[in-house]
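Undergrad: Numbering (my numbering), first residue to last: 41 to 202.
Quick reminder that beta carbons are idealized off the backbone N, C-alpha and C, glycines included.
Predicted model, so just to flag it, every value in this text is computed and none were measured.
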């Protein structure tokens, strides 16, 4: 059985939301590396060999930390580690394959949680963060979308009405 999921299987708005999430997390990882003085001042220099597995682990740790700071425990309820546990594991000298297996599992599972608990269409279109403790059915999502659309004039971005 092929367990690879094709990008075409996902709703285009969800794909856009995942892209936005990835951009935000990449910025967060870069800022954290700067704070740790682990980034080069020059794009041509690479003073540290930071593996893709390590960088993904840090990104997932940041993703989970934001959820935890907002009192969301979906990842913990799903049996996934806390943000601190992931970061500790990423910083330990482990085999790259072990960290790769862990980060792949965490990433796939956390994206499923993202799909199930976030109203990602609204975030991608309006930069509004909405989350729900339980999965929503299409009727609930339609009601939320209608409400947001009907009240879009009340949303503000950079001080300007939409």
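Give the DSSP bridge partners of residue 50, in chain order.
TA: Along the chain shown, one-based indexing puts residue 50 at 10. BP columns for residue 50 are empty, so no partner.
Undergrad: Taking the alpha carbon of residue 278 as the reference point, which residue from 107, 144 and 119 has its own alpha carbon closest?
TA: Lying before the first or after the last residue shown, residue 278 is absent from the chain, which here runs from 41 to 202.
Undergrad: Using only alpha-carbon positions, find the residue among 133, 152 and 188 that is nearest to residue 7.
TA: Absent from the model: residue 7. The displayed extent of the chain is 41 to 202, so no value can be given.
Undergrad: Might you give, ordered along the chain, the residues of its own chain that have their beta carbon closer than 8 Å to the beta carbon of residue 139, omitting 5 neighbours on each side?
TA: Mapped onto the chain shown, residue 139 falls at position 99. 91, 93, 94, 97, 129 and 130, listed in sequence order.
Undergrad: Within the chosen definition, does the segment 174-193 reach the segment 117-124 through at least 3 CB pairs nearer than 8 Å?
TA: These segments do not touch.
Undergrad: Taking the alpha carbon of residue 114 as the point to measure from, which residue in 102, 150 and 137 has its own alpha carbon closest?
TA: Reading the chain shown from its first residue, position 74 is the one you call residue 114. The shortest C-alpha separation from residue 114 is found at 150.
Undergrad: Take the Cβ of residue 52 as the centre, count every other Cβ of all protein chains shown within 10 Å, and call the residue buried at 16 or more, exposed below.
TA: For this step, residue 52 is matched to residue 12 along the chain shown. Exposed is the call here.
Undergrad: Less than 7 Å separating the beta-carbons of residue 69 and residue 99?
TA: The residue given as residue 69 occupies position 29 in the chain shown. The residue given as residue 99 occupies position 59 in the chain shown. In this structure, residue 99 lies closer than 7 Å to residue 69 by Cβ.
Undergrad: Go ahead and label residue 189 buried or exposed: buried means 16 or more other beta carbons lie within 10 angstroms of its beta carbon, across all protein chains shown.
TA: As a first step, residue 189 is located in the chain shown; it is residue number 149 there, counting from the start. That one is exposed.
Undergrad: Suppose you measure from the CA of residue 64 to the CA of residue 49; what does that come to, to the nearest Å?
TA: Position 24 of the chain shown, counted from the start, is the residue given in the question as residue 64. Position 9 of the chain shown, counted from the start, is the residue given in the question as residue 49. Computed Cα separation, rounded: 23 Å.
Undergrad: Given a cut-off of 7 Å, decide if residue 101 and residue 127 are closer than it, judged by their beta-carbon atoms.
TA: On the chain shown, residue 127 is found 87 positions in, with the first residue counted as 1. On the chain shown, residue 101 is found 61 positions in, with the first residue counted as 1. Cβ distance < 7 Å, so residue 127 and residue 101 count as in contact.
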